[in-house]
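Engineer: The sequence shown begins at 325 in the numbering used here and counts up by one.
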Amino acid sequence: MTEPLYIAFLWHMHQPFYKDPVQGEYILPWTYLHAVKDYYDMPALVDSVPGARVTFNLVPSLLEQLLDYAAGEAADPFLCRARLDSADLSEEDRLFIIENFFSANKQRMIEPNRRYLELYSLAGHGTPGAGREALRRLGDQEIMDLQVWFYLAWTGEAARRRFPAFNELIRKGKHYSATDKDLLFRTQRELIAEIIPLYQRLQREGKVELSVSPYFHPILPLLCDTRSAKVALPKAALPKLPFRHPEDARSQVARALESFEKLFGFRPQGMWPSEGAVSDEALAIMAKQGVRWSASDEWVLSRTLPAGLGREHEALYHPYSLIQDGRDTALFFRDHTLSDLIGFTYSQWETGRAVADLVGRLKGIRQRCRSSRVVSIVMDGENAWEYFQDNGHPFLARLYGALTRTPGLQLATFSEVLGLLPERRSLSHVHPGSWINADYAIWVGHPEKNLGWDLLAKARQAALENNPEVASVLAGGDSHDPVASLICKSLYAAQGSDWFWWYGDDHFSAHAGSFDLLFRSHLMNVYRLLGLEVPDELNEPVKKLLPAGFVREPSGFITPSISGVADDYFVWLAAGLYDLTKLSSAMHASENLLQSFFYGFDAFYFYFRIDGVQSLEKLLRQGDHLSLEISHGSTLRLELGAQGSEAELLVKEGENWRKTGIFSQYRIGTIAEARLPLTSLEIVSGDRLLCQLVLSRAGQEAGRWPADMPLLLTYAGAGLGAANWEI
């Protein structure tokens, strides 16, 4: 075999549009923080490894925000408070800093820095509600140090190597002055100003390819027609007001290409559709705008091919052609497993082992698939690295280096692959789906998500009826009316995928309320610009308040492997979920140990998963037990030891626990996972179980979650799989 296997990385750089386009204010800080940690580090790392070649996908609404920060024209609530002199802060400002300036990965960003960890301890170890009590422990100097350390910890490894000021501040460690803080923010602004020029230079030098996404990162197929969700999920509930506006999809694509060309001086060849969401109609819109290649997920390919991937898994490793109306769009499909290994697994492995594992898997693909050509690895370019040592720098540097040195493997950009492999397999149609489960359920189908679409549809209709210039802009034309342009910008911003991501039961975030407010603010702007009264329904949160800790009930069958490793994000996506950080423990000292609790079932087993605030292997000591107490008629107990793989189920009789002879498979690693035979629980469809988690140390109870009312677990039975997303 003489032909190499091409390895095409695509790092997707994206943040939602945190800026109110009318007020010009930024609501959340994540664009700034990822700029100093990731948006510079990632291209700088490629530049440092000879022979490395990757594709960076840049979302225009992100680039717009980076330009604002680089020009000093952006300010968010975090940055504003960080710049204030600690002695001049109000009590509420100090409380905001204490409650928000530990928003960083504890293992990788707080613990390695002695002073930051000391401040974390003084502030109450992140315990909910500890902020006001910590006010008396943190004086002006501690607040000043916290203002500095939050932004220092978010500064990337390559950035520290490029700008000596960052390492000088790290070496100082504590007792920072106003001069030190000014140096930090001045240097970070210099760093942000270098980000876009760095991507430009690497593109000119052929080290990277730059591609783009639709301007405000919408789910294009849903803009074209929300009814397309029915293909993958026939029983999904849809918004009351059908949304079918392919002209909005065309505008999002056209404006992305135009803004990209204006900024970089050339038109990109490729477009990563937001969330890998594709459909025939969306891809046709992209093709008509001159997009040469696009990409999605292997699950979409499996649903597209008549027989799926099946035994012919090598079908994944070919470029494809989708021909519509004489236009040819090249399609790549990401290797789901390899992408997720980087995103969710390798961060907890030793660097050499992780690199060897990935390179070995790629060599295995080349050996097994004799006609294989290209492996596409596509994932977020920013979110994974805070879980890696030194922001992922050692892992990525060694990985790029290993791939450039391994015979038979060759790094290439997507456009390079098309030039090297002109032969492509043909498709006449593509399954309408995304990179999550090959459907659109994350963005439509839940009452909260559907309400969001209805609010968007109403605002769009109001704009058309009350400003004659809006129709021209929405159709892709220009307008000399700046108000009409701002109205459309607010509408387009509200179409971003992130708002719908946080609605519903799929995901949870401490900032979900802020995302909700941002979405509604974009729509409120439409009415205000029209001179209309804002509808009352926009003043009501879409995101509903839930019982403490509750996130969602199970939405489908799950069958996870019991490995103790969170190696597949999607396996637990349909599970029920509680956020344990929102619940108090019976023991104050244990409140900050556990983070989340998942549960679900298939036709044979009930599954449980417990996540700690860091790896449970590190939290649990020799002799510790993490137990599940489940009540359904009788009370059952499952004790999971720090080492072991099987535990006997106990039943409570009076004050004692009796062995049942029923065994559960479990594993404790970075997380704890366990499964119980359904027969051992003696439950039927519709039953509810009560559950508490107990930590025992040296035979004594050291913590119990929750402290008062147990968690309520629902069992929907065999019908859940068939009724998935039928709301």
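Just so you know, even glycine gets a beta-carbon here, dropped at the ideal spot from N, CA and C. Fair warning: this is a prediction, and the values are worked out from it, not measured in the lab.
Expressed to the nearest angstrom, what Euclidean distance is found between the alpha-carbon atoms of HIS949 and ALA966?
Structural biologist: Translated into the one-based positions of the sequence shown, residue 949 becomes position 625. Translated into the one-based positions of the sequence shown, residue 966 becomes position 642. Roughly 6 Å between the two C-alpha positions.
Engineer: Using a 10 Å radius around the Cβ and a threshold of 16 neighbouring Cβ atoms, would you call THR418 buried or exposed?
Structural biologist: Numbered from its first residue, the sequence shown carries residue 418 at position 94. Per the sequence shown, residue 418 should be read as Arg rather than Thr. Buried is the call here.
Engineer: Grab the span of the beta strand (DSSP E) containing THR984 for me, first residue to last.
Structural biologist: Start at 1 with the first residue of the sequence shown, and residue 984 comes out as number 660. That run of the beta strand (DSSP E) goes 980-992.
Engineer: Should the stretch 596-605 be called in touch with the stretch 534-548, which here means at least 3 C-beta pairs below 8 Å?
Structural biologist: The answer is yes - the stretch 534-548 touches the stretch 596-605, with three or more Cβ pairs under 8 Å.
Engineer: Roughly how many whole angstroms lie between the Cα atoms of TRP335 and ASN980?
Structural biologist: In the sequence shown, residue 335 corresponds to position 11, counting from 1. In the sequence shown, residue 980 corresponds to position 656, counting from 1. Roughly 55 Å separates the two Cα atoms.
Engineer: Between the C-alpha atoms of GLN989 and LEU1037, what's the straight-line distance to the nearest angstrom?
Structural biologist: To locate residue 989, count along the sequence shown from 1; it is residue 665. To locate residue 1037, count along the sequence shown from 1; it is residue 713. Cα to Cα, the separation comes out at about 20 Å.
Engineer: How do the stretch 475-488 and the stretch 509-518 stand: do at least 3 beta-carbon pairs fall below 8 Å, yes or no?
Structural biologist: Yes, they touch.
Engineer: Excluding sequence positions up to five away, which residues of its chain have a Cβ less than 7 Å from the Cβ of ASP1011?
Structural biologist: Within the sequence shown, residue 1011 is the residue found at index 687, counting from 1. Result list for ASP1011: HIS956 and TYR1039, in chain order.
Engineer: Under 8 Å: do the stretch 532-541 and the stretch 425-444 share three or more Cβ pairs, one atom per stretch?
Structural biologist: Touching, no, given that fewer than three Cβ pairs across the two stretches are closer than 8 Å.
Engineer: Using only the alpha-carbon positions, how far apart do SER671 and ARG627 sit?
Structural biologist: Counting from one through the sequence shown, the residue named residue 671 turns up at place 347. Counting from one through the sequence shown, the residue named residue 627 turns up at place 303. So the alpha carbons of these two residues sit roughly 31 Å apart.
Engineer: So, at 7 Å on beta carbons, what are the nonlocal neighbours of ALA795 in its own chain, with the 5 sequence-adjacent residues on each side left out?
Structural biologist: Stepping through the sequence shown from its first residue, residue 795 is reached at position 471. Closer than 7 Å at the Cβ level, and outside the excluded window around ALA795, lie LEU788.
Engineer: What are the boundary residues of the beta strand (DSSP E) that ALA998 is part of?
Structural biologist: To locate residue 998, count along the sequence shown from 1; it is residue 674. Note, ALA998: beta strand (DSSP E), 995-1001.
Engineer: According to DSSP, is ALA781 helix, strand or coil?
Structural biologist: Here residue 781 refers to the residue found at position 457 when the sequence shown is read from its first residue. In this structure, ALA781 counts as helix in the three-state DSSP scheme.
Engineer: Do ASP621 and ARG579 have their C-beta atoms within less than 8 Å of each other?
Structural biologist: In the sequence shown, counting from the first residue as 1, residue 621 sits at position 297. In the sequence shown, counting from the first residue as 1, residue 579 sits at position 255. Against a cut-off of 8 Å, the Cβ pair of ARG579 and ASP621 comes out as no contact.
Engineer: Mind the definition here: the stretch 706-723 touches the stretch 423-433 only if three or more C-beta pairs lie below 8 Å; say whether that holds.
Structural biologist: Touching, per the Cβ criterion.
Engineer: Cα separation between LEU443 and HIS846?
Structural biologist: What you label residue 443 is simply residue 119 of the sequence shown in a count that begins at 1. What you label residue 846 is simply residue 522 of the sequence shown in a count that begins at 1. Looking at the two C-alpha atoms, the distance is approximately 37 Å.
Engineer: Are there three or more Cβ pairs, one per stretch, closer than 8 Å when the stretch 733-751 is compared with the stretch 644-664?
Structural biologist: They touch, by the three-pair rule.
Engineer: Please check the pair ALA502 and ASP572, which I expect to be a contact at CB under 8 Å, by giving their CB distance rounded to whole angstroms.
Structural biologist: Looking up residue 502 in the sequence shown gives position 178. Looking up residue 572 in the sequence shown gives position 248. 48 Å between Cβ atoms; not a contact.
Engineer: In the DSSP assignment, find the alpha helix (DSSP H) that holds SER739 and state where it starts and stops.
Structural biologist: Counting from one through the sequence shown, the residue named residue 739 turns up at place 415. Here the alpha helix (DSSP H) through SER739 covers 738-744.
Engineer: Are three or more beta carbon pairs between the stretch 547-562 and the stretch 344-353 nearer than 8 Å?
Structural biologist: No, the stretch 547-562 does not touch the stretch 344-353.
Engineer: Below 8 Å, how does it come out for the stretch 749-764 and the stretch 523-532: are there three or more Cβ pairs, yes or no?
Structural biologist: Counting Cβ pairs under 8 Å, fewer than three are found: no touch.
Engineer: On the DSSP letters alone, give me the boundaries of the alpha helix (DSSP H) that PHE881 sits inside.
Structural biologist: Reading the sequence shown from its first residue, position 557 is the one you call residue 881. Counting along the chain, PHE881 falls outside any alpha helix (DSSP H), and DSSP gives it neither H nor E.
Engineer: Taking only three categories from DSSP, how would you classify THR730?
Structural biologist: Here residue 730 refers to the residue found at position 406 of the sequence shown. In this structure, THR730 counts as coil in the three-state DSSP scheme.
Engineer: Taking the alpha-carbon of GLU375 as reference, which of GLU997, ARG729 and SER750 has the nearest alpha-carbon?
Structural biologist: One-based indexing of the sequence shown puts residue 375 at position 51. Correcting the residue identity first, residue 375 is Gly in this sequence and not Glu. Nearest option by C-alpha distance: ARG729.
Engineer: Sort out for me which residues DSSP pairs ILE331 with in a bridge.
Structural biologist: Residue mapping note: residue 331 aligns to position 7 of the sequence shown, counting from 1. ILE331 pairs with VAL699 and LEU735.
Engineer: In chain order, what residues of the same chain lie with their CB nearer than 6 Å to the CB of ARG844, ignoring the 5 residues before and after it?
Structural biologist: Walking along the sequence shown from the start, residue 844 turns up at place 520. Around ARG844: LEU862.
Engineer: Please confirm whether VAL624 and VAL797 have their CB atoms less than 8 Å apart.
Structural biologist: Locating residue 624 in the sequence shown gives position 300, counting from the first residue. Locating residue 797 in the sequence shown gives position 473, counting from the first residue. Contact: no.
Engineer: Can you grab the Cα-Cα spacing for the pair GLU327 / ARG697, in whole Å?
Structural biologist: Counting from 1 along the sequence shown, the entry for residue 327 is found at position 3. Counting from 1 along the sequence shown, the entry for residue 697 is found at position 373. Their backbone Cα atoms lie some 8 Å apart in a straight line.
Engineer: At what residues does the beta strand (DSSP E) containing ILE467 begin and finish?
Structural biologist: On the sequence shown, residue 467 is found 143 positions in, with the first residue counted as 1. From DSSP, ILE467 is part of no beta strand (DSSP E) but of the alpha helix (DSSP H) over 464-477.
Engineer: Spell out a yes or no on whether the stretch 937-949 and the stretch 1003-1022 are touching, meaning 3 or more CB-CB pairs, one atom from each, closer than 8 Å.
Structural biologist: Segments in contact, yes.
Engineer: So is ALA913 buried or exposed if we call it buried at 16+ other beta carbons inside 10 Å?
Structural biologist: On the sequence shown, position 589 is the one that residue 913 refers to. Only weak support is given to the placement of ALA913: the predicted model assigns it a pLDDT of 40, under 50, and the value that follows is read from those uncertain coordinates. So ALA913 ends up on the exposed side.
Engineer: Any heavy atom of the ligand ADP closer than 7 Å to the CB of SER414?
Structural biologist: Ligands in the displayed structure: none, and consequently the ligand ADP is not present.
Engineer: For ARG405 and GLN465, what's the separation of their Cα atoms in angstroms?
Structural biologist: Locating residue 405 in the sequence shown gives position 81, where the first residue counts as 1. Locating residue 465 in the sequence shown gives position 141, where the first residue counts as 1. Between ARG405 and GLN465, the C-alpha separation is close to 15 Å.
Engineer: Helix, strand or coil, according to DSSP, for ILE543 in the structure here?
Structural biologist: What you label residue 543 is simply residue 219 of the sequence shown in a count that begins at 1. Of the three classes helix, strand and coil, the one that applies to ILE543 here is coil, per DSSP.
Engineer: Give me the Cβ distance between ALA971 and GLU977, rounded to the nearest whole Å; I'm assuming they're in contact under 8 Å.
Structural biologist: The residue labelled residue 971 in the question sits at position 647 within the sequence shown. The residue labelled residue 977 in the question sits at position 653 within the sequence shown. Not a contact, Cβ separation roughly 18 Å.
Engineer: Buried or exposed: where does GLU915 fall if 16 or more other Cβ atoms within 10 Å of its Cβ makes it buried?
Structural biologist: Along the sequence shown, one-based indexing puts residue 915 at 591. Residue placement at GLU915 is flagged as unreliable, the pLDDT there being 48, under the threshold of 50; a coordinate-derived value is accordingly withheld.
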